[in-house]
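J.: Below is one structure. I have some questions about it.
Protein chains in written order, with my numbering: chain A, 75 to 603; chain B, 514 to 588.
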């Protein structure tokens with residue numbers, strides 16, 4: 075059930091009405107039932123997968139907390155009797171016990187994800203290397219499997235680290251895993267943050283509901299008016315690489331950046347807006363990413379919850395692990411301080427970007443995309459002292475003009491790397507980028523050939539107005555110190571203005587949504603990950 | 514503490530580490546800096562900093578970092 079389908083809108087209205095009609099103590103149960111109904115629409119059999127992940131993670135976490143509690147009680151009971159070494163030994167022994175549950179659950183759930191998502195990729199590579207003809211397994215991939223698996227494992231790691239205690243109620247944990255607004259494309263919430271408002275009782279709050287509804291409608295606008303309007307052009311440009319080269323590739327980079335941004339942030343706006351309407355707070359997933367001045371900043375602003383997940387649960391644990399510290403020390407002794415210091419950062423960075431690439435899809439284009447991001451991140455880290463010198467020497471480096479130059483540079487650099495996601499073919503992607511410098515064709519883009527893209531002049535005008543609106547909203551958000559979202563700013567405005575805006579957004583979606591005869595809303599791009 | 518301040522100064526000479534208590538909150542230290550710092554702490558003070566200790570409260574100031582090092586040493 076797509077967010078943009080009529081079925082979902084009917085489902086949402088029903089959930090919303092029931093949510094504020096039933097006794098408040100049953101609200102979270104309604105969300106659980108609603109989430110499982112929503113999930114069942116993607117295929118009844120997929121409920122088994124999400125249920126297995128939920129139950130195994132819930133049970134393992136409960137066991138881990140029980141062991142940790144036993145340990146703490148033992149320490150309390152034997153206060154003063156144990157010396158440092160004794161305490162250490164007891165701690166190590168309990169850690170061994172928790173590790174069994176932790177690893178069993180981790181391996182099982184990563185195993186399910188790996189088998190379902192990556193088996194055919196492995197088979198394809200084996201076939202191509204060894205010339206074999208092993209048949210593909212063609213597993214049906216459960217909706218949002220990467221998202222709910224990551225959410226669950228993040229929870230398991232936090233409980234194992236003792237950050238918080240396990241949730242005793244399996245039904246409440248099931249709601250955390252399956253919460254319908256975020257199960258298909260995030261945000262990848264952390265249990266301690268989401269549970270603050272997910273299980274609590276909520277009274278109808280018209281201001282929050284209005285803010286949420288505005289954000290939902292703005293999300294629909296971004297998806298249906300902007301992203302889906304550009305989708306045919308992106309498909310046409312990427313579908314015939316031989317035909318559309320040179321300047322057309324530049325156009326593809328631009329169009330895809332706009333489409334992806336409007337599509338993904340639109341979906342997240344819908345998810346967060348629904349949460350607001352139900353009184354549930356979610357983490358933000360975007361903070362004006364296209365205003366980033368370098369790639370490192372970009373990755374702290376784009377798909378934030380995925381980036382922080384990889385940082386907290388893969389990058390940090392790997393880079394500070396015992397073996398990495400040993401390796402770093404040995405490199406420091408043999409090759410100097412500089413190398414020793416860099417080894418943990420660079421090795422962990424390579425692993426994280428490889429995993430990020432794989433997370434996006436079981437294909438080489440995603441892995442190369444990840445590795446390119448890794449190279450640019452490391453290069454910019456290495457060049458930082460040079461940049462600092464340059465910024466200190468060149469006065470104009472502190473001007474708005476230079477800031478804008480850096481933003482544009484980052485936009486195009488990320489766009490060029492992102493092209494691997496569009497062509498889905500590594501050699502074709504690189505060849506197409508090459509044609510920008512060899513093929514030209516700048517005159518053609520304004521000629522008759524443009525009509526083959528399936529986008530008319532009025533479509534382009536609508537997209538341009540949509541982009542201007544997105545830029546203005548981003549600027550407003552930045553001017554508030556990135557603290558207040560424009561939907562929340564509206565609260566200070568007259569109610570009549572807010573009502574006009576809501577109706578206006580609704581009409582925009584209805585009138586300018588990219589519908590047509592037999593129209594079927596397109597899948598959100600990030601649903602497939 | 515002196516050694517820690519030297520390590521920090523080496524990483525970001527432009528920052529006043531005696532005063533600043535928003536090193537992570539103000540994004541002065543990024544994830545690469547934090548790992549470089551942990552590597553240095555490991556080799557200078559022989560203290561292993563586990564991943565769960567990498568939270569803003571432990572890295573926001575030189576003092577907080579020092580408290581963490583002393584606590585981990587005692588454990």
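Glycine is no exception: its CB is placed at the ideal position from the N, C-alpha and C atoms.
As the structure is a prediction and not an experimental result, all values here were calculated from the model.
1) Closer than 8 Å between beta carbons: that is the criterion. Which residues of the segment 552-570 of chain B meet it against chain A?
2) Quick check: what's the CA-CA separation for residue 400/A versus residue 555/B?
3) Identify the contact partners of residue 545/B in chain A, using a Cβ-Cβ distance below 7 Å as the criterion.
4) What are the boundary residues of the alpha helix (DSSP H) that residue 522/B is part of?
5) Mind the definition here: the segment 208-222 of chain A touches the segment 96-111 of chain A only if three or more C-beta pairs lie below 8 Å; say whether that holds.
6) Of all the CB atoms in chain A, is at least one closer than 8 Å to the CB of residue 548/B?
7) Just curious, the alpha helix (DSSP H) that residue 370/A is in, first and last residue?
8) Cβ closer than 7 Å: which chain B residues qualify as neighbours of residue 390/A?
9) Three Cβ pairs or more, each shorter than 8 Å: is that satisfied between the segment 263-281 of chain A and the segment 518-538 of chain A?
10) Between which two residues does the alpha helix (DSSP H) harbouring residue 531/A extend?
11) Apart from the five residues just before and just after residue 363/A, which ones in its own chain have a Cβ nearer than 6 Å to its Cβ?
12) Leaving aside the five residues before and after residue 307/A along the sequence, list all residues of the same chain whose C-beta is less than 7 Å from its C-beta, in chain order.
13) Rounded to the nearest angstrom, what separates residue 530/B and residue 394/A at their Cα positions?
14) Whole angstroms is fine: what's the gap from residue 178/A's alpha carbon to residue 226/A's?
15) Give me the residue from 448/A, 417/A, 419/A, 411/A with the minimum Cα distance to residue 429/A.
16) Distance, Cα to Cα, residue 442/A vs residue 161/A?
17) What span of residues does the alpha helix (DSSP H) with residue 308/A cover, start to end?
18) Leaving out five residues before and five after residue 310/A in sequence, what residues of the same chain have Cβ atoms less than 8 Å from its Cβ?
19) Can you check the segment 414-468 of chain A for any alpha helix (DSSP H) of at least 4 residues that lies completely inside it and give the ranges in chain order?
20) Express the C-alpha separation of residue 498/A and residue 508/A in angstroms, rounding to a whole number.
21) Name the residues in the segment 374-407 of chain A whose C-beta lies less than 9 Å from a C-beta of chain B; which are they?
22) Give the DSSP-derived three-state secondary structure of residue 295/A in the structure shown.
23) Checking contacts by CB at 8 Å: is residue 235/A closer than that to chain B?
24) Would you check if there are 3 or more beta carbon pairs closer than 8 Å linking the segment 261-275 of chain A to the segment 351-361 of chain A?
25) If the cut is a Cβ gap below 7 Å, which residues of chain B does residue 370/A touch?
26) Three or more beta-carbon pairs under 8 Å between the segment 397-417 of chain A and the segment 536-553 of chain B, yes or no?
27) Distance check for residue 251/A and residue 257/A, CA to CA, integer angstroms please.
28) So for residue 593/A, helix, strand or coil by DSSP?
29) Would you report the Cα separation of residue 592/A and residue 540/A, rounded to the nearest angstrom?
30) Using a Cβ-Cβ cutoff of less than 8 Å, which residues in the same chain neighbour residue 156/A once the five nearest sequence positions on both sides are dropped?
31) When we look at the beta-carbon of residue 229/A and count the other beta-carbons within 10 Å, is it buried (16 or more) or exposed?
32) Report the three-state DSSP secondary structure of residue 201/A (helix, strand or coil).
33) I want to verify the contact list: residues of chain D whose CB lies under 8 Å from the CB of residue 415/A, in sequence order.
34) State the DSSP-derived secondary structure class of residue 78/A, mapped to helix, strand or coil.
35) Which of the three DSSP states, helix, strand or coil, is assigned to residue 376/A?
T.: Taking the coordinates as given:
1) 552, 553, 555, 556, 561, 562, 563, 564, 565, 567
2) Residue mapping note: residue 400/A aligns to position 326 of the first chain, counting from 1. Residue mapping note: residue 555/B aligns to position 42 of the second chain, counting from 1. If you take the alpha carbons of residue 400/A and residue 555/B, they lie about 10 Å apart.
3) On the second chain, residue 545/B is found 32 positions in, with the first residue counted as 1. Here the neighbours are 419, 455.
4) Along the second chain, read from residue 1 onward, the residue named residue 522/B stands at position 9. Start and end: 515-524.
5) no
6) The residue given as residue 548/B occupies position 35 in the second chain. It does; some Cβ of chain A falls within 8 Å.
7) Position 296 of the first chain, counted from the start, is the residue given in the question as residue 370/A. Residue 370/A -> alpha helix (DSSP H) spans 369-372.
8) For the purposes of this step, residue 390/A is identified with residue 316 of the first chain, where counting begins at 1. What residue 390/A touches in chain B: 564, 567.
9) no
10) As a position in the first chain, residue 531/A is number 457, starting the count at 1. Counting along the chain, the alpha helix (DSSP H) containing residue 531/A begins and ends at 531-553.
11) By one-based count along the first chain, residue 363/A stands at place 289. Closer than 6 Å at the Cβ level, and outside the excluded window around residue 363/A, lie 372, 375, 376.
12) Here the question's residue 307/A lines up with position 233 in the first chain. Contacts found: 329, 527, 528, 529.
13) Looking up residue 530/B in the second chain gives position 17. Looking up residue 394/A in the first chain gives position 320. Distance between the alpha carbons of residue 530/B and residue 394/A: 23 Å.
14) Mapped onto the first chain, residue 178/A falls at position 104. Mapped onto the first chain, residue 226/A falls at position 152. Computed Cα separation, rounded: 14 Å.
15) Taking the first chain and counting its residues from 1, one reaches residue 429/A at position 355. When only C-alpha atoms are compared, the closest one is 448/A.
16) Residue 442/A sits at position 368 when you count from the first residue of the first chain. Residue 161/A sits at position 87 when you count from the first residue of the first chain. For residue 442/A and residue 161/A, the distance between alpha carbons rounds to 47 Å.
17) Looking up residue 308/A in the first chain gives position 234. First-last of the alpha helix (DSSP H) with residue 308/A: 302-313.
18) Numbered from its first residue, the first chain carries residue 310/A at position 236. Excluding sequence neighbours, residue 310/A sits near 318, 526, 527, 528.
19) 438-456, 458-467
20) To locate residue 508/A, count along the first chain from 1; it is residue 434. To locate residue 498/A, count along the first chain from 1; it is residue 424. Going from the Cα of residue 508/A to the Cα of residue 498/A covers about 16 Å.
21) 374, 385, 386, 387, 389, 390, 391, 392, 393, 394, 395, 396, 398, 399, 402, 403, 406
22) Residue 295/A sits at position 221 when you count from the first residue of the first chain. In the structure shown, residue 295/A sits in a helix (DSSP, three-state: H, G or I).
23) For this step, residue 235/A is matched to residue 161 along the first chain. Yes, contact with chain B.
24) yes
25) As a first step, residue 370/A is located in the first chain; it is residue number 296 there, counting from the start. Neighbours of residue 370/A on chain B, chain order: 543.
26) yes
27) To locate residue 257/A, count along the first chain from 1; it is residue 183. To locate residue 251/A, count along the first chain from 1; it is residue 177. When rounded, the distance between both Cα atoms is 7 Å.
28) On the first chain, position 519 is the one that residue 593/A refers to. In this predicted model, residue 593/A has a pLDDT of only 48, less than 50, meaning its place in the structure is not dependable; the value taken from the coordinates is given anyway. Correct three-state label for residue 593/A: coil.
29) For the purposes of this step, residue 592/A is taken as residue 518 along the first chain, with counting starting at 1. For the purposes of this step, residue 540/A is taken as residue 466 along the first chain, with counting starting at 1. Interpretation of residue 592/A is limited by its pLDDT of 41, a score under 50 that renders its predicted location unreliable; the figure taken from the coordinates is listed afterwards. Looking at the two C-alpha atoms, the distance is approximately 24 Å.
30) Along the first chain, read from residue 1 onward, the residue named residue 156/A stands at position 82. Same-chain partners within the cutoff: 149, 164.
31) Working through the first chain from its first residue, we reach residue 229/A at position 155. Under this definition residue 229/A is a buried residue.
32) Residue mapping note: residue 201/A aligns to position 127 of the first chain, counting from 1. The answer is helix: DSSP assigns residue 201/A an H, G or I state.
33) No chain D appears in the structure shown, which is made up of the protein chains A and B.
34) As a first step, residue 78/A is located in the first chain; it is residue number 4 there, counting from the start. Coil at residue 78/A, not helix or strand.
35) Here residue 376/A refers to the residue found at position 302 when the first chain is read from its first residue. Reduced to three states, the DSSP call for residue 376/A is coil.
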